[in-house]
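If you're matching positions, the sequence shown starts at 1076 in the working numbering and goes up one per residue.
Cβ coordinates follow ideal geometry from the N, Cα and C atoms, glycine included.
First the structure, in the form of structure tokens, and then the observations on it.
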Amino acid sequence: MWKQIADVINSGRKFLITSHLFLEGDAVGSEIALKHFLKGLGKEAIIVNNEALPAVYRCFDPKKEIKFLKKDGIGTDIQDFDAIFIVDVGSWGQLGDFAEMIQSSSITTVCIDHHPTNPGFADINVVDKDASSAGELIFDLITYMHGEITKEIAESLYLSIASDTGWFKFSNTSAKAFSACSTLLKSGVKPEVIYEKVCQNKSWSYLKLINLALESLHSECDGRLAWTKLTQEMLKSSGVEYVETDVIIDLIRAIGKVEVVILFRELGEKKTKIGFRSKHTINVSKLASKFGGGGHVRAAGASLNEPMDHVVEKVLSEAKELMKKTKVCVSTV
1076 MWKQIADVIN
1086 SGRKFLITSH
1096 LFLEGDAVGS
1106 EIALKHFLKG
1116 LGKEAIIVNN
1126 EALPAVYRCF
1136 DPKKEIKFLK
1146 KDGIGTDIQD
1156 FDAIFIVDVG
1166 SWGQLGDFAE
1176 MIQSSSITTV
1186 CIDHHPTNPG
1196 FADINVVDKD
1206 ASSAGELIFD
1216 LITYMHGEIT
1226 KEIAESLYLS
1236 IASDTGWFKF
1246 SNTSAKAFSA
1256 CSTLLKSGVK
1266 PEVIYEKVCQ
1276 NKSWSYLKLI
1286 NLALESLHSE
1296 CDGRLAWTKL
1306 TQEMLKSSGV
1316 EYVETDVIID
1326 LIRAIGKVEV
1336 VILFRELGEK
1346 KTKIGFRSKH
1356 TINVSKLASK
1366 FGGGGHVRAA
1376 GASLNEPMDH
1386 VVEKVLSEAK
1396 ELMKKTKVCV
1406 STV
């Protein structure tokens, strides 16, 4: 499945790389690893994202080479690139403002992704729903092309695979993911260093935000559905610049009886982001798809251009209905 992409790389000279809104470990690690791989082949490669790199991941870009579209642009005409690699992205909608620029050009688009809801929107697509992460797929591409896995590439790929498997505790953790990480460790990765950089570097203000989120925690469906929200006011009062919602969701999901967790995040007066997680029974990608989103069976998301209170009401109604149909929820109280 890699031959077509290998042909694009071998025949091209200059490449653009991007990923989705709300950057997280898999997106960041995948695009950095791909950039280093392409440069190792003597190609030009730059990363441009629709938003600035979150502070927690800046240590993986020590030379500050990753560009922010609104601030830096892409440095040249998009047509000067031979192709754009879109990694860890399930649809055009996940690219924000960048999508219109790409779609209005004639540049070849290459998507490397692992989301089962991905319809294959690019010119060339490698979408493997069984892969643990986009990082695992970049590892496969490098292996297919007999590329060298340098320490920089190995650390970035480890970030991708480890973070998207919940540090090897989620159901997408596979033998193949462990095998890839075994190779990465042989290339110099120190797991404890990566984990500390990403997960043990929180601020006091972030802990304050977690406290506010837990104070807003609600229980539905006899405790099987738990939800909370992050408002603009909560962010302002806590002083947090970057919101890593996975920590909050994991704390709530740790409650034994809870099957589904929903986190609502207010992005603006009429814009709300929704994060869905489940444990065993509920396919939250189906729930997310009802609101124009998507993702995985156990982890999905969506964004709506509506006030948060309206979104909460609509989403909870759908969630309760789905849980009733699957007999996870009997009571809707």
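Cβ pair residue i, residue j closer than 8 Å
| i | j | result |
| --- | --- | --- |
| residue 1369 | residue 1192 | yes |
| residue 1157 | residue 1090 | yes |
| residue 1211 | residue 1177 | no |
| residue 1144 | residue 1173 | yes |
| residue 1352 | residue 1328 | yes |
| residue 1087 | residue 1222 | no |
| residue 1226 | residue 1263 | yes |
| residue 1337 | residue 1349 | yes |
| residue 1303 | residue 1312 | no |
| residue 1135 | residue 1092 | no |
| residue 1310 | residue 1288 | no |
| residue 1123 | residue 1149 | yes |
| residue 1273 | residue 1100 | yes |
| residue 1171 | residue 1282 | no |
Those residues which DSSP pairs with residue i across a bridge
| i | result |
| --- | --- |
| residue 1293 | 1302 |
| residue 1312 | Residue 1312 pairs with nothing; no bridge assigned. |
| residue 1200 | 1186 |
| residue 1412 | A query on residue 1412 cannot be resolved here, the shown segment of the chain reaching from 1076 to 1408 and no further. |
| residue 1140 | DSSP output for residue 1140 lists no bridge partner at all. |
| residue 1370 | 1375 |
| residue 1119 | 1089 |
First and last residue of the uninterrupted beta strand (DSSP E) at residue i
| i | result |
| --- | --- |
| residue 1348 | 1346-1353 |
| residue 1378 | 1374-1379 |
| residue 1206 | Residue 1206 -> no beta strand (DSSP E), and no H or E assigned at all. |
| residue 1126 | No beta strand (DSSP E) holds residue 1126; DSSP gives it neither H nor E. |
Segment limits, alpha helix (DSSP H) that includes residue i
| i | result |
| --- | --- |
| residue 1085 | 1078-1086 |
| residue 1340 | Per DSSP, residue 1340 belongs to no alpha helix (DSSP H); it is in the beta strand (DSSP E), 1335-1343. |
| residue 1268 | 1266-1274 |
| residue 1322 | 1320-1328 |
| residue 1226 | 1226-1239 |
| residue 1178 | 1173-1178 |
| residue 1152 | Run containing residue 1152: none; DSSP gives neither H nor E here. |
| residue 1258 | 1250-1261 |
| residue 1396 | 1383-1400 |
| residue 1359 | 1359-1364 |
For residue i, the nearest candidate out of the options (CA to CA)
| i | options | result |
| --- | --- | --- |
| residue 1295 | 1393, 1244, 1249 | 1393 |
| residue 1142 | 1375, 1110, 1115 | 1110 |
| residue 1275 | 1254, 1347, 1319 | 1319 |
| residue 1120 | 1128, 1108, 1126, 1130 | 1108 |
| residue 1354 | 1112, 1244, 1182, 1100 | 1244 |
| residue 1132 | 1168, 1188, 1098 | 1098 |
| residue 1364 | 1289, 1229, 1377 | 1377 |
| residue 1339 | 1087, 1175, 1379 | 1379 |
| residue 1195 | 1391, 1166, 1150, 1305 | 1166 |
| residue 1356 | 1135, 1335, 1345, 1082 | 1335 |
| residue 1361 | 1333, 1344, 1345, 1390 | 1390 |
| residue 1105 | 1179, 1228, 1078 | 1228 |
| residue 1224 | 1101, 1238, 1261, 1375 | 1261 |
| residue 1426 | 1083, 1137, 1094 | Given that the chain is displayed from residue 1076 to residue 1408, the structure contains no residue 1426 and the question cannot be resolved. |
| residue 1297 | 1403, 1096, 1162 | 1403 |
| residue 1257 | 1219, 1214, 1080 | 1214 |
| residue 1164 | 1103, 1323, 1344 | 1103 |
| residue 1324 | 1284, 1307, 1220 | 1284 |
| residue 1076 | 1180, 1153, 1188 | 1188 |
| residue 1230 | 1251, 1220, 1255 | 1255 |
| residue 1316 | 1248, 1181, 1280 | 1280 |
The region 1379-1387 / the region 1198-1210 touching (three or more Cβ pairs under 8 Å): Short answer: they don't touch.
Contact between the region 1228-1244 and the region 1256-1269 (3+ Cβ pairs under 8 Å): A contact exists between the region 1228-1244 and the region 1256-1269.
Is it the case that the region 1121-1136 contacts the region 1184-1200, given that we only count it when at least three CB pairs across the two stretches are under 8 Å? No, because fewer than three Cβ pairs between the region 1184-1200 and the region 1121-1136 fall closer than 8 Å, the two stretches do not touch.
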